[in-house]
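Colleague: Have a look at this one.
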Amino acid sequence: MSALRRFLLRLYRLFRRADAERDLSSEIQSHLALMEEEFRRRGMAPADAARAARLTLGGVDQVKEQQRDARSFLWMEDLRRDVGYGVRTLTRTRGFTIAAIVTLAVGIGAVTIIYSVVRNIVLDPFPYSRSDRLVNVVLRDESGRPVRNAPYYAASEFLDYQEQTNAFEDVVGTSRDAAYWVSDAGTERLDIAWMTPNGFDFLGVPPLAGRVFGAADAAAGAPPVAVMGYRAWIRLFGADPSVVGRTLMLDGKPWTVVGVMPPRFEWNIADLWLCAPLTRGDDPRSPRGFRAFQAHLRPGVTPEEAESQLNVVAARRAAAFPNDYPPRSHFDVLAVVDWVVGPFRAVLYTLFGAVSLLLVIACCNVANMLLARATIREREISIRLAIGASRGRIVRQLLVESALLATGGLVAGCALAFWGTGALRRFMGIGAIAPWETEVRLDQPVLIFAAIAAAVATMTFGLYPALQSVRRDIAARVGTSARSTGLRQQKRMRSSLVVAQVALSVVLLLGAGLLMRSFVKLVGVDLGFDPSNLLVVPVGYPPRQNPSADAYARFYRETLEQLRTIPGVRTGAITNATPPFGSVSSPIERPGVAAQPQASAMLVFCSEGWIDTLGVPLIRGRQLSALDVEQSHHVALVNQTLAKRYFSDSEPLGRTIRLPRLTTLPIPVPDPTFEIVGIVRDVANAGPRDPTLPQVYLPFGFRGPSGLMFVLRTSTEPRPLAAVVRERIHAADRRVAILEPSTLEEGMKRAFYTRPRFSLLILGIFASAGILLVAFGVYGVLAYTVSEQTREIAIRVALGGERGHVIGMVVRVGLQLVGIGLLIGVGASLFTNRLLASELWNTSPTDPAVFAGTASIIVAIGALACWIPARRAVRIEPAVALRHE
Amino acid sequence: MASSERPRVEVLQGTLDLIVLRALSTMGPQHAYGLAARLEQIADHPFPLNQGTLYAALVRLDQRGWIKGRWQRTESARDAKYYAITAAGTRALGKQTERWRRLVGFLDKLLIDEA
Numbered sequence: 000m001s002a003l004r005r006f007l008l009r010l011y012r013l014f015r016r017a018d019a020e021r022d023l024s025s026e027i028q029s030h031l032a033l034m035e036e037e038f039r040r041r042g043m044a045p046a047d048a049a050r051a052a053r054l055t056l057g058g059v060d061q062v063k064e065q066q067r068d069a070r071s072f073l074w075m076e077d078l079r080r081d082v083g084y085g086v087r088t089l090t091r092t093r094g095f096t097i098a099a100i101v102t103l104a105v106g107i108g109a110v111t112i113i114y115s116v117v118r119n120i121v122l123d124p125f126p127y128s129r130s131d132r133l134v135n136v137v138l139r140d141e142s143g144r145p146v147r148n149a150p151y152y153a154a155s156e157f158l159d160y161q162e163q164t165n166a167f168e169d170v171v172g173t174s175r176d177a178a179y180w181v182s183d184a185g186t187e188r189l190d191i192a193w194m195t196p197n198g199f200d201f202l203g204v205p206p207l208a209g210r211v212f213g214a215a216d217a218a219a220g221a222p223p224v225a226v227m228g229y230r231a232w233i234r235l236f237g238a239d240p241s242v243v244g245r246t247l248m249l250d251g252k253p254w255t256v257v258g259v260m261p262p263r264f265e266w267n268i269a270d271l272w273l274c275a276p277l278t279r280g281d282d283p284r285s286p287r288g289f290r291a292f293q294a295h296l297r298p299g300v301t302p303e304e305a306e307s308q309l310n311v312v313a314a315r316r317a318a319a320f321p322n323d324y325p326p327r328s329h330f331d332v333l334a335v336v337d338w339v340v341g342p343f344r345a346v347l348y349t350l351f352g353a354v355s356l357l358l359v360i361a362c363c364n365v366a367n368m369l370l371a372r373a374t375i376r377e378r379e380i381s382i383r384l385a386i387g388a389s390r391g392r393i394v395r396q397l398l399v400e401s402a403l404l405a406t407g408g409l410v411a412g413c414a415l416a417f418w419g420t421g422a423l424r425r426f427m428g429i430g431a432i433a434p435w436e437t438e439v440r441l442d443q444p445v446l447i448f449a450a451i452a453a454a455v456a457t458m459t460f461g462l463y464p465a466l467q468s469v470r471r472d473i474a475a476r477v478g479t480s481a482r483s484t485g486l487r488q489q490k491r492m493r494s495s496l497v498v499a500q501v502a503l504s505v506v507l508l509l510g511a512g513l514l515m516r517s518f519v520k521l522v523g524v525d526l527g528f529d530p531s532n533l534l535v536v537p538v539g540y541p542p543r544q545n546p547s548a549d550a551y552a553r554f555y556r557e558t559l560e561q562l563r564t565i566p567g568v569r570t571g572a573i574t575n576a577t578p579p580f581g582s583v584s585s586p587i588e589r590p591g592v593a594a595q596p597q598a599s600a601m602l603v604f605c606s607e608g609w610i611d612t613l614g615v616p617l618i619r620g621r622q623l624s625a626l627d628v629e630q631s632h633h634v635a636l637v638n639q640t641l642a643k644r645y646f647s648d649s650e651p652l653g654r655t656i657r658l659p660r661l662t663t664l665p666i667p668v669p670d671p672t673f674e675i676v677g678i679v680r681d682v683a684n685a686g687p688r689d690p691t692l693p694q695v696y697l698p699f700g701f702r703g704p705s706g707l708m709f710v711l712r713t714s715t716e717p718r719p720l721a722a723v724v725r726e727r728i729h730a731a732d733r734r735v736a737i738l739e740p741s742t743l744e745e746g747m748k749r750a751f752y753t754r755p756r757f758s759l760l761i762l763g764i765f766a767s768a769g770i771l772l773v774a775f776g777v778y779g780v781l782a783y784t785v786s787e788q789t790r791e792i793a794i795r796v797a798l799g800g801e802r803g804h805v806i807g808m809v810v811r812v813g814l815q816l817v818g819i820g821l822l823i824g825v826g827a828s829l830f831t832n833r834l835l836a837s838e839l840w841n842t843s844p845t846d847p848a849v850f851a852g853t854a855s856i857i858v859a860i861g862a863l864a865c866w867i868p869a870r871r872a873v874r875i876e877p878a879v880a881l882r883h884e
Numbered sequence: 000m001a002s003s004e005r006p007r008v009e010v011l012q013g014t015l016d017l018i019v020l021r022a023l024s025t026m027g028p029q030h031a032y033g034l035a036a037r038l039e040q041i042a043d044h045p046f047p048l049n050q051g052t053l054y055a056a057l058v059r060l061d062q063r064g065w066i067k068g069r070w071q072r073t074e075s076a077r078d079a080k081y082y083a084i085t086a087a088g089t090r091a092l093g094k095q096t097e098r099w100r101r102l103v104g105f106l107d108k109l110l111i112d113e114a
């Protein structure tokens, strides 16, 4: 107990050192004064008294020192001193310290950020229960393409699969749809999901407010109920809790909202989930009767077992409905996360690989810097050993220094990780490349792992000089030339570290280079039209009590006239799809000509002036006229690809084509034959990456009232016009729903560029960091080599050796290492770049330009890193240098 | 540790703490100078101790919780730190004295018998 008390007291004193010192000083002062007084009283002269008092006490400083020794923990004092000394040493070599800390921080921070992303997107993106067993059931044809919109199946087919297999614990049937919610405030088009009543049990997420629906809500006579999504709740009701219990009119039918789901519940990305049991009588042409088959595998059942069960059911059905099952079609049961994340997974794994390399490089680099420093400090250490410092004391001091470095790196690395995860979350575009459910948050275990790795590397290599000195001591005793052996070993080790670094950086840099080249090609691809200054305003035209074909057509036509008069709008048109996005596809037949199997065309429904608005030139024939569109004449424009592919033998103008898909639209077109009146130039219609598909432009009247949009070509930045456009549309008809207006470029960015840009940015950052580290690494080794060869260089210079020659000598050493690293890196890249293949577009994984560029960058950086120490070498004054050893 | 400035005559290692404790126990609270003066007085000849050495002993005793220091006024109206023995100190004094007696007895016996 008194030992503890003493310990605490000492500890307390350690931190109250200044107080204790002050106290001691005044105590000694008072002691001297009292003594002096006494001596004077005995008759001494004042000056003598003071002197005598001092003599009797003994030296004031010695007294203090003795008292201090007794007062404190020696080792704690030493530690304080070591820390102080370490901080001073590190501050003196500021360049080294910053380089080491930045290196560690980059390693720790980057690996944490990327692993967090990988974990949250690929390994565990969903908030749903049992998501490890959550699978999609997809019927695929011979070539692996989904058959008939799989995993969506007509109700009776769905139920066959569900009822005639036992591989699944439970099955949920969901499909997406749209519904108009008409209220006093206006009309909103809502994304809804039809979901089987067991859906919420299946997903296992409790509601934020109210309740979820269940089997009881599907009983006969139960009122129709719906559950609202979090984002819709915020957007439409400003998070008003009283929405629970409210009845919404959706397409004229009442649905009662019974609950609200929390954020991250994004099943089918709906605003509302409607309780809708699936029965065999459901109309398979409506989304309600055509659901996605998603299930939990029973524990212990493999996807393969489920597939074989499903294949048996499919074979049975194929006998009854041979047209539904193409030859050799088969089931594929795959994890939902694979379905959603798809090829992006490969990118993330590649990034994770890259970033692990970065951590390795960072550790190598710090090790290398510490080794270089060790050689420089050998002198200091030998001197301290010579004047009697114990080895333990020196080891401790080096440990303290390394620990300081590691701590600096850790703090900076954590800061980087926190900041970077936040930045990435904003940058990544949840919903564009990652599932909507994704929540990117810092993954602590990996942060701890990276931190430990970095700390171990730092501490181990930080101790190296002490180990060296021990070895040297032994060597001296046995009288061998171990010093040079040790140095040679050390040098070899340092060189291999540099080679490894260069190789790893080459791998990163090549990857980034390929992605960049691919991205530049993608962004620069000729779409066939100018996507800038196009404002896209999708509108929803809710079903009316007495629908007449003319009413909606008149609305669209009149509104378009209105919009065209807005100042700043140059032209405008109505369409159902904008390039480079696709549209509905239909088989295409030529009456009187044998049908080509699988001949299809993309159908674009538009008003007159659409191709002018896009700026696509007419090649032959005429455009759709206002009269054609107004009266829905059976005329069509086709693109060059269609003309070439299906009319290679004849002139397409004046011919008729038949488009059977039109007969199955919500408002069917009884006679789907059209006369071709014009041929227009191709525009990209399957995304910027893929070749243009055959395409037909038809008057928009055939499309029916829904799914159309106004597209306006403006003379300036189109965004600011959105408000006016909205106003005009509502002025024309208050009951239409206006979906979020956007520019075409924004849409393209989101759909096509987000992912490549993301990969490029991340890999680019890593590659730059890698280059930086290589520069540090090469510089470190050469600086050391030069300091080691100072004597040799000095003699050469003194004897009249040319400076250029000396520089060459140093640079050669460095470039040799860079060269070896480069070769290894290029070799490794031939394998690793294959991982990137899914992300590359029109770019070979062995693109020579990228390889050449990378090689030049690495060599240039290497040469630069050699140049600085080489110059220092030739500036050495021979006399100084020779005295130096 | 400074090697050039040793105390003039060394007090037997480990005895100074006991001496100080005993003195404080007998005299009541004292400051360092008072203590030194008192020790010199008791000794037949000038006390063989560099007065500064007292401070190390005082701090050791303080850390053990055997004495406690407080700043007070002297009769000559000066500030000085007065040390007083604590209850734990009194107990320790008993034990230490006992130990010392045994040690001295053993030494006496050894020295006399061997001589």
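Protein chains in written order, with numbering that gives the first Met the number 0: chain A, 0 to 884; chain B, 0 to 114.
Idealized CB from N, CA, C, for every residue including glycine.
Alpha carbon to alpha carbon, how far is A:Tyr324 from A:Thr574?
Modeller: Position 325 of the first sequence holds residue 324 of chain A. Position 575 of the first sequence holds residue 574 of chain A. C-alpha separation (whole angstroms): 34 angstroms.
Colleague: Cα separation between B:Leu17 and A:Val445?
Modeller: Counted from its first residue, the second sequence places residue 17 of chain B at position 18. Counted from its first residue, the first sequence places residue 445 of chain A at position 446. About 58 angstroms.
Colleague: Looking at B:Leu110 and B:Leu20, is the spacing between their C-beta atoms short of 8 angstroms?
Modeller: For this step, residue 20 of chain B is matched to residue 21 along the second sequence. For this step, residue 110 of chain B is matched to residue 111 along the second sequence. Not closer than 8 angstroms, so no.
Colleague: Use the C-beta contact count for B:Glu97: other C-beta atoms within 10 angstroms, 16 or more gives buried, fewer gives exposed.
Modeller: Indexing the second sequence from 1 puts residue 97 of chain B at position 98. Exposed, by the Cβ-count rule.
Colleague: Under a CB-based cut-off of 8 angstroms, is A:Ala32 close to chain B?
Modeller: Position 33 of the first sequence, counting from 1, holds the residue named residue 32 of chain A. It does: the Cβ of A:Ala32 has a partner Cβ on chain B nearer than 8 angstroms.
Colleague: Whole angstroms is fine: what's the gap from A:Val592's alpha carbon to A:Gly700's?
Modeller: As a working note, residue 592 of chain A is residue 593 in the first sequence. As a working note, residue 700 of chain A is residue 701 in the first sequence. Going from the Cα of A:Val592 to the Cα of A:Gly700 covers about 28 angstroms.
Colleague: Taking the alpha helix (DSSP H) that A:Val886 falls in, what are its first and last residues?
Modeller: Outside the shown range of chain A (0 to 884) lies residue 886 of chain A, about which nothing can therefore be said.
Colleague: Could you work out which residue in A:Leu31, A:Leu347, A:Val224, A:Leu207 is closest to A:Val121 when comparing CA atoms only?
Modeller: Numbered from 1 along the first sequence, position 122 holds the residue referred to as residue 121 of chain A. Checked all of A:Leu31, A:Leu347, A:Val224, A:Leu207; the closest Cα to A:Val121 is A:Leu347.
Colleague: Just to make sure I have the definition right: I need the residues of chain B whose C-beta is within less than 9 angstroms of the C-beta of A:Gly391. Which are they?
Modeller: The count along the first sequence starts at 1 and reaches residue 391 of chain A at position 392. Going along chain B, no residue has its Cβ under 9 angstroms from A:Gly391, so there is no contact; the nearest lies around 19 angstroms.
Colleague: For the candidate residues A:Val332, A:Arg132, A:Leu507, whose alpha-carbon lies nearest to that of A:Gly820?
Modeller: Here residue 820 of chain A refers to the residue found at position 821 when the first sequence is read from its first residue. Nearest C-alpha to A:Gly820: A:Leu507.
Colleague: Using a C-beta cutoff of 8 angstroms, does B:Thr73 count as contacting chain A?
Modeller: Numbered from 1 along the second sequence, position 74 holds the residue referred to as residue 73 of chain B. Chain A contact via Cβ: present.
Colleague: Helix or strand or just coil, what does DSSP make of A:Thr301?
Modeller: The residue labelled residue 301 of chain A in the question sits at position 302 within the first sequence. It is coil, neither helix nor strand.
Colleague: Quick one, which of A:Ser624, A:Gln639, A:Gly779 has its alpha-carbon nearest A:His633's?
Modeller: In the first sequence, residue 633 of chain A corresponds to position 634, counting from 1. Answer by Cα proximity: A:Ser624.
Colleague: Quick one: which chain B residues come within Cβ less than 8 angstroms of A:Gly42?
Modeller: Against the first sequence, residue 42 of chain A aligns to sequence position 43. By Cβ distance, chain B contributes nothing, its closest Cβ being about 17 angstroms from A:Gly42, past 8 angstroms.
Colleague: By the three-class DSSP mapping on this structure, what secondary structure does A:Gln597 have?
Modeller: Translated into positions along the first sequence, residue 597 of chain A becomes position 598. Note: A:Gln597 maps to coil in three-state DSSP.
Colleague: Does A:Leu885 come out as helix, strand or coil in the three-state DSSP assignment?
Modeller: Any answer about residue 885 of chain A is impossible in this case: the structure gives chain A only from 0 up to 884.
Colleague: Where are the beta strand (DSSP E) runs, 3 residues long or more, that stay fully inside the stretch 52-84 of chain B, in chain order?
Modeller: You should have 66-72, 78-84.
Colleague: Can you tell me the Cα-Cα spacing of A:Glu26 and B:Ala86, whole angstroms?
Modeller: By one-based count along the first sequence, residue 26 of chain A stands at place 27. By one-based count along the second sequence, residue 86 of chain B stands at place 87. Near 24 angstroms, if we compare the C-alpha coordinates of B:Ala86 and A:Glu26.
Colleague: Quick check: the Cα distance between A:Ser504 and A:Ala766, rounded to an integer number of angstroms?
Modeller: Locating residue 504 of chain A in the first sequence gives position 505, where the first residue counts as 1. Locating residue 766 of chain A in the first sequence gives position 767, where the first residue counts as 1. A:Ser504 and A:Ala766: Cα-Cα distance of roughly 6 angstroms.
Colleague: Mapping the DSSP letters down to three states, classify A:Met260 as helix, strand or coil.
Modeller: Along the first sequence, one-based indexing puts residue 260 of chain A at 261. Here A:Met260 sits in coil by DSSP.
Colleague: Please check if any C-beta of chain B sits within less than 8 angstroms of the C-beta of A:Ser29.
Modeller: As a working mapping, residue 29 of chain A is identified with position 30 in the first sequence. Chain B contact via Cβ: present.
Colleague: Counting C-beta neighbours from all protein chains within 10 Å, is the total for A:Asp627 16 or more, i.e. buried, or is it exposed?
Modeller: As a working mapping, residue 627 of chain A is identified with position 628 in the first sequence. The residue is buried, with at least 16 neighbouring Cβ atoms inside 10 Å.
Colleague: Specify, as a first and last residue, the run of the alpha helix (DSSP H) that A:Ser855 falls within.
Modeller: Position 856 of the first sequence, counted from the start, is the residue given in the question as residue 855 of chain A. Note, A:Ser855: alpha helix (DSSP H), 847-873.
Colleague: Helix, strand or coil: which one does DSSP assign to A:Phe604?
Modeller: If you number the first sequence from 1, residue 604 of chain A lands on position 605. Residue state, collapsed to three classes: strand.
Colleague: Is it a yes or a no for the stretch 384-404 of chain A touching the stretch 798-812 of chain A, going by three-plus beta-carbon pairs under 8 angstroms?
Modeller: Touching, no, given that fewer than three Cβ pairs across the two stretches are closer than 8 angstroms.
Colleague: Tell me which residues share the same chain as B:Ala76 and place their Cβ nearer than 7 angstroms to its Cβ, disregarding the 5 neighbours each side in the sequence.
Modeller: Mapped onto the second sequence, residue 76 of chain B falls at position 77. Nothing meets the Cβ criterion.
Colleague: Which two residues bound the contiguous beta strand (DSSP E) that contains A:Arg644?
Modeller: Numbered from 1 along the first sequence, position 645 holds the residue referred to as residue 644 of chain A. No beta strand (DSSP E) contains A:Arg644, which is instead part of the alpha helix (DSSP H) from 639-645.
Colleague: With H, G and I counted as helix, E and B as strand and the rest as coil, what does DSSP make of A:Asp176?
Modeller: For this step, residue 176 of chain A is matched to residue 177 along the first sequence. If DSSP states are grouped into helix, strand and coil, A:Asp176 belongs with the strands.
Colleague: CB A:Asn638 to CB A:Pro693, shorter than 8 angstroms?
Modeller: Walking along the first sequence from the start, residue 638 of chain A turns up at place 639. Walking along the first sequence from the start, residue 693 of chain A turns up at place 694. In contact: A:Asn638 and A:Pro693 (Cβ atoms closer than 8 angstroms).
Colleague: Any idea which residues DSSP pairs A:Thr570 with across the strands?
Modeller: As a position in the first sequence, residue 570 of chain A is number 571, starting the count at 1. Looking at the DSSP assignment, A:Thr570 forms a beta bridge with A:Arg712.
Colleague: When the cut-off is 8 angstroms and only beta carbons count, does A:Gly108 lie next to chain B?
Modeller: Position 109 of the first sequence holds residue 108 of chain A. Closer than 8 angstroms: no.
Colleague: Starting from A:Thr612 and walking both ways along the alpha helix (DSSP H), at which residues does that stretch end?
Modeller: For the purposes of this step, residue 612 of chain A is taken as the residue at position 613 of the first sequence. Looking at the DSSP string, the run of the alpha helix (DSSP H) that includes A:Thr612 is 609-613.
Colleague: What do you reckon, are the CB atoms on A:Leu513 and A:Asp131 nearer than 8 angstroms?
Modeller: Within the first sequence, numbered from 1, the residue matching residue 513 of chain A stands at position 514. Within the first sequence, numbered from 1, the residue matching residue 131 of chain A stands at position 132. No.
Colleague: By the criterion of Cβ-Cβ separation under 8 angstroms, what are the contact partners of B:Ala31 in chain A?
Modeller: The sequence position of residue 31 of chain B within the second sequence is 32, counting from 1. Those are Glu26, His30, listed as they occur along chain A.
Colleague: Mind checking whether A:Ala456 and A:Ala366 have CB atoms under 8 angstroms apart?
Modeller: Along the first sequence, read from residue 1 onward, the residue named residue 456 of chain A stands at position 457. Along the first sequence, read from residue 1 onward, the residue named residue 366 of chain A stands at position 367. Contact: yes.
Colleague: With 8 angstroms as the threshold, decide whether the Cβ of B:Ala51 is near any Cβ in chain A.
Modeller: By one-based count along the second sequence, residue 51 of chain B stands at place 52. Note on identity: in this sequence residue 51 of chain B is Gly, with Ala being the wrong assignment. Answer yes: the Cβ-Cβ gap between B:Gly51 and chain A drops below 8 angstroms somewhere.
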